[in-house]
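Novice: Numbering (my numbering), first residue to last: 58 to 488. All residues carry an ideal CB built from backbone N, CA and C; glycine is no exception. Values in this document were obtained by computation on a predicted structure and should not be read as measured data.
1) Here's a check: name, in chain order, each residue in its chain whose Cβ is nearer than 8 Å to the Cβ of residue 499, leaving out the five neighbours to either side.
2) Rounding to the nearest angstrom, what Cα-Cα distance links residue 278 and residue 409 in this structure?
3) Less than 7 Å between the beta carbons of residue 259 and residue 180, yes or no?
4) Hey, could you find the ends of the alpha helix (DSSP H) residue 310 is sitting in?
5) Whole angstroms are fine: how far does the CA of residue 488 sit from the CA of residue 294?
6) So, at 8 Å on beta carbons, what are the nonlocal neighbours of residue 80 in its own chain, with the 5 sequence-adjacent residues on each side left out?
7) Take residue 424 as the anchor and find which of 182, 441, 305 and 438 has the nearest alpha-carbon.
8) Counting along the chain, where does the alpha helix (DSSP H) carrying residue 202 start and finish?
9) Cα separation between residue 156 and residue 167?
10) Note the first and the last residue of the continuous alpha helix (DSSP H) segment covering residue 476.
11) Between residue 192 and residue 404, what straight-line distance do the alpha-carbon atoms span, to the nearest angstrom?
12) Among residues of its own chain, excluding the 5 on either side of residue 227, which ones have a beta-carbon nearer than 6 Å to its beta-carbon?
13) Quick one: give me the first and last residue of the alpha helix (DSSP H) that residue 161 is part of.
14) Would you grab the beta carbon distance between residue 327 and residue 455 for me? Rounded to a whole angstrom, and I think it's under 8 Å.
15) Would you check if there are 3 or more beta carbon pairs closer than 8 Å linking the stretch 466 to 473 to the stretch 314 to 323?
16) CB-CB under 7 Å to residue 385, same chain, minus the five flanking residues each way: which ones, in chain order?
17) How many Å lie between residue 251 and residue 237 at the Cα?
18) Buried or exposed for residue 445, please, with buried defined as at least 16 other CB atoms from any protein chain shown within 10 angstroms of its CB.
19) Are the stretch 472 to 486 and the stretch 367 to 381 touching by the rule of at least three beta carbon pairs closer than 8 Å?
20) Could you compute how far the alpha carbon of residue 273 sits from the alpha carbon of residue 458?
21) Could you check which residue in 334, 144, 102 and 115 has the C-alpha nearest to that of residue 14?
22) Considering just the uninterrupted stretch of the alpha helix (DSSP H) at residue 413, what are its terminal residues?
23) Could you check if residue 207 is buried or exposed, using at least 16 other CB atoms within 10 Å of its CB as the buried criterion?
24) With 16 other CB atoms within 10 Å as the buried threshold, where does residue 480 fall?
25) Which stretch, first to last residue, makes up the alpha helix (DSSP H) that contains residue 219?
26) Grab me the residues of residue 363's own chain with a C-beta within less than 7 Å of its C-beta, minus the 5 sequence neighbours each way, in chain order.
27) For residue 128, count neighbouring Cβ atoms within 10 angstroms of its own Cβ and tell me buried if that reaches 16, exposed if not.
28) Using alpha carbons as the reference points, say which of 169, 159, 340 and 90 lies closest to residue 201.
29) Could you tell me the alpha carbon to alpha carbon distance between residue 341 and residue 183, rounded to whole angstroms?
30) Nearest CA to the CA of residue 460: which residue from 392, 374 and 94?
31) Which residue from 345, 350 and 225 puts its Cα closest to that of residue 241?
32) Between residue 428 and the rest of its own chain, which residues show a CB-CB distance below 8 Å, the 5 nearest in sequence each way excluded?
33) Output needed for residue 98: all residues of its chain with C-beta closer than 7 Å, excluding positions within five of it in sequence on either side, in chain order.
34) Taking buried to mean at least 16 other C-beta atoms within 10 Å of its own C-beta, is residue 253 buried or exposed?
35) Identify, in the order they occur along the chain, each residue of the same chain with its Cβ nearer than 8 Å to the Cβ of residue 78, setting aside the five sequence neighbours on each side.
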C-alpha cells in the first residue's frame, strides 16, 4: 500500500512538473503569452534590421572611404568614429528611460524613420552642393543619435516575443549580422562609391532604414503597461539601482564594458599593426579585417548552435581569457610571423562573439520587465562610451609603447580582467 501511495505521489509530481514546463514553454522570456507566430514576427523584424544594417554600414564605409581619399587625416577619421559612437553612448541611458515609459515599437519606428529621412536629405544635399566631409559627418551623427534611442528599445523588446530557451540564439543574431556586415559592407560601400558616387551610397543607407520602418510597422508586439511617470534622472537611478541589486550582473556588465574598452583599440590598430610591424600592404590589411569578421561569424554561429541555457557567465570568462591570450601573443610575434598573427586575430575574433549575447540574456532574465529598458540603456551607454574612449586611450598608449607592445599590454589587461570576473563569488552564483 505504501509503495502504491509513493508511486502515486511520484506520478503526481511528474505531472505537476510536466504541466509547469508546458506553461513555461507557452510564455515569453518576459512572462507574456507566447504568440503562435512568434518566429515569423522575429524573422520579419530582424529581416528589416538586417537590410538596414547592411545598407547603413555600406553607406558609412563609402563615407569613410571618401574622407580617407579627400583628407588623408587620421584626426578627421577619428572624428567620424566619435560622431557615430559617442552620441549612442551619451543618449542610451535616456533612450532606456524612454523605452520603459513609451511604446517601444513606436520608438523603433521613429528612430528608423529619422535615419531614413536623414539619408534622403543628405543625398539631396550632396546632389545640390556636391560631396563634402560635413555631409558624411552629419550622416554619422544621425546614426549615433538614433542608435542611442533605438538600441535600448529594440533589446528590451526581444523578451516580449521570444521564449526564454531561445534568448541566447536571438541575442546572438546581432553579432551574427554584424560580422557578416563587417565582411561584406566595406566591399559593397566602396563599390557603390566608386561606381555611383557618395550621393547614391548615402541614399542606399536611407532606403535600408526605411525597410526597417516597414517591417517593424507590420510586426505585432505585445503591449506593456505604462510605467509611473518620473524624471529622467530619477528613472536612471531606478535602472542603476535595479542593476546594482543584482551584484553578479553588475560585475559582469562592468567587466564586459572594460572588455570593450580594451577591444576598441585592437580593432582600430589592426591596419597599423599589419603595415608598420609586418610590412603588409592594403591586401594584407583587408585580409586581417576579413578574418576578424569571419571569426565573429563563426563565434556567433557556434553560440547559436549550442544555445546554452546555463553557465553563461562562464562563457564570458572563457571569452576574456581567449581574447587576452590572442592579443598578448600577437604583440610578441616577430615581423616575419604575419600568418601567425592572422591566426591569433581569428581566434580572438571568435571569442569576441561570446560577450554580449550571454550578458544580454542574463540581464533579460534577471532584471524586472518594468526596469529592463533603463538597464539596457545603461548597458548600451557603457559599451558605446567604452569603444571611443578605449580607442583614444589605446592610440595614445601605442604612440609611447609602439603597436606590438600595446597589443601585449592590452592582452595582459584582458587576462587580468577575466581572472577578476572568474574570482567573483557573485558572478559564479549566476551559473
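Specialist: Based on what the coordinates show:
1) Any answer about residue 499 is impossible in this case: the structure gives the chain only from 58 up to 488.
2) 31 Å
3) yes
4) 304 to 329
5) 27 Å
6) Low confidence applies here, because residue 80 scores a pLDDT of 45, under 50, leaving its location unreliable and the question unanswered by this model.
7) 305
8) 190 to 214
9) 12 Å
10) 460 to 480
11) 37 Å
12) 215 and 219
13) 161 to 186
14) Incorrect: roughly 12 Å between the Cβ atoms, too far for contact.
15) yes
16) 465, 468, 469 and 472
17) 22 Å
18) buried
19) yes
20) 48 Å
21) There is simply no residue 14 to check, as the chain begins at 58 and stops at 488 in what is shown.
22) 413 to 423
23) buried
24) exposed
25) Where residue 219 is concerned, there is no enclosing alpha helix (DSSP H), given that its DSSP letter is neither H nor E.
26) none
27) exposed
28) 169
29) 33 Å
30) 392
31) 350
32) 157, 295, 296 and 299
33) 92, 218, 276 and 277
34) exposed
35) The predicted model places residue 78 with a pLDDT of 41, which falls under 50 and marks its position as unreliable; any figure quoted below should be read in that light. Correct list: empty, nothing qualifies.
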